[in-house]
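Chemist:
Put into structure tokens, the structure is as follows:
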């Protein structure tokens, strides 16, 4: 036989809210807020510590790798130079007189070419410096000229002021236009 479920009314819901349900035995009841905050803080601190440690570890590994790479590079270069020198010495010893002469002439020509290139570069640099210097000199002369002109103008103004103060005032009566108003009015 089918039995319909009992509908929950508002009053029954309110009473259910008011009732405090106790936790089951053996379950975690939850700590007080102050304690939980402290635990959170310790957890955060531990996470930060772990992050720092991992970062340091990674950086150490990276720098170690770089150091090893540089050391290997230096060693390889040293050996390369050493064996190159040895190879050149062996080749020179095995060369004939004509080959040696040809090598000397080639070296001479190469040196001359390099000297010419260097001279051209130097001349170009000197040219640019001179050009810049000429520009600067023009600017300086213009500034100096402006300064002198300004000084002269100031001097002239001062002289004019002095002349005005020294001149005696003329005693001639100034002719006024219009009639003078009488003071006594009847």
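Numbering (the UniProt record's numbering), first residue to last: 1 to 186. Glycine included, every Cβ here is placed at the ideal spot set by N, Cα and C.
(1) Please report how far the alpha carbon of residue 116 lies from the alpha carbon of residue 150, in whole angstroms.
(2) Give the straight-line distance between the Cα atoms of residue 127 and residue 121, rounded to the nearest whole angstrom.
(3) What did DSSP end up calling residue 167 once you bin it into helix, strand or coil?
(4) Cβ of residue 77 versus every heavy atom of the ligand ADP: is any distance shorter than 7 Å?
(5) Out of curiosity, what's the CA-to-CA distance linking residue 37 and residue 50?
(6) What is the DSSP secondary structure of residue 35, reduced to helix, strand or coil?
(7) Nearest-angstrom Cα distance between residue 104 and residue 91?
(8) Helix, strand or coil for residue 95, going by three-state DSSP, please let me know.
(9) Using the C-alpha atoms, what's the distance from residue 45 back to residue 53?
(10) Could you tell me the distance, in whole angstroms, from the CA atom of residue 135 to the CA atom of residue 111?
Modeler: Reading off the structure:
(1) 51 Å
(2) 10 Å
(3) DSSP places residue 167 in coil when its eight states are reduced to three.
(4) Among the components of this structure there are no ligands whatsoever, and the ligand ADP is therefore not found.
(5) 20 Å
(6) helix
(7) 14 Å
(8) coil
(9) The alpha-carbon of residue 53 is positioned some 12 Å away from that of residue 45.
(10) Cα to Cα, the separation comes out at about 36 Å.
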